[in-house]
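Trainee: Just so it is clear: in the sequence shown, position 68 is 77 by the working numbering, and no numbers are missing.
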Amino acid sequence: MKIEDVYNEYDRMFASSNMPFIRCNTCAKAYYYPRTVCPFCGSSSIEIIKSSGTGEIYSCTEFNGGFYGIIKFKEGFGAYMDIEGNNIVTGRNIIIKFREISGKILPYAFVD
Ligand SMILES: [Zn+2]
Numbered sequence: 010m011k012i013e014d015v016y017n018e019y020d021r022m023f024a025s026s027n028m029p030f031i032r033c034n035t036c037a038k039a040y041y042y043p044r045t046v047c048p049f050c051g052s053s054s055i056e057i058i059k060s061s062g063t064g065e066i067y068s069c070t071e072f073n074g075g076f077y078g079i080i081k082f083k084e085g086f087g088a089y090m091d092i093e094g095n096n097i098v099t100g101r102n103i104i105i106k107f108r109e110i111s112g113k114i115l116p117y118a119f120v121d
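Spelled out as structure tokens, the structure:
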């Protein structure tokens, strides 16, 4: 798989309101940031999978009135993203929502 293929598949999944992640077929670990080789074991046998889109806030910071942080997903991977909603603190459950920014559909974490 080429890196453009990974980005294209991510864009396709975002456009249909699905949260993608990558699972390594060799060591079975999960990660989010688009890469063609597993960051844990170096294997290029990887698979792009649809996440449940649920998880919890692992860490967060407020900056200029917005919240950003690392979301730990049910499938075990982490992703740095925008967080919106009420009572945004570490440990709160989130669901993934999508919005268009500059013509691209992108995910963000929402706290109900
Ligand atoms: Zn691996």
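Glycine residues also receive a C-beta, built at the ideal position from the N, C-alpha and C atoms.
Report the option in Arg21, Tyr41, Tyr117 and Ser53 whose CA atom is closest to the CA atom of Phe30.
Mentor: Ranking Arg21, Tyr41, Tyr117 and Ser53 by Cα distance to Phe30 puts Tyr41 first.
Trainee: Give the single residue among Tyr19, Val15 and Arg32 whose Cα lies nearest to the Cα of Pro116.
Mentor: Taking only the C-alpha atoms, the option nearest Pro116 is Tyr19.
Trainee: Is Ala88 helix, strand or coil when you go by DSSP?
Mentor: DSSP places Ala88 in strand when its eight states are reduced to three.
Trainee: CB-CB under 6 Å to Ala6, same chain, minus the five flanking residues each way: which ones, in chain order?
Mentor: One cannot answer for residue 6 here, as it falls past the ends of the chain, which runs 10 to 121.
Trainee: If I'm right that Gly62 touches Ile114 with Cβ under 8 Å, what's the distance once you round it to whole angstroms?
Mentor: Between Ile114 and Gly62 the Cβ distance is about 14 Å, and since that is not below 8 Å, they are no contact.
Trainee: Throw me the rounded Cβ distance for the Thr45 and Lys11 pair, which I believe falls under 8 Å.
Mentor: About 7 Å separates the two Cβ atoms, so the contact holds.
Trainee: In the DSSP assignment, find the unbroken alpha helix (DSSP H) run with Arg108 in it and report its ends.
Mentor: Element bounds for Arg108: not the alpha helix (DSSP H) but the beta strand (DSSP E), Asn102 to Ile110.
Trainee: Determine the closest residue to Arg102 out of Ala118, Gly51, Ala24 and Cys36, with distance taken between C-alpha atoms.
Mentor: Per the sequence shown, residue 102 should be read as Asn rather than Arg. The residue with the shortest Cα to Cα distance from Asn102 is Ala118.
Trainee: Quick check on the DSSP output: what are the complete alpha helix (DSSP H) runs of length 4 or more inside the region 42-78, in order along the chain?
Mentor: You should have found no qualifying run.
Trainee: Closer than 8 Å to a non-hydrogen atom of ligand 1 - does that hold for the CB of Phe49?
Mentor: Within the cutoff, so yes.
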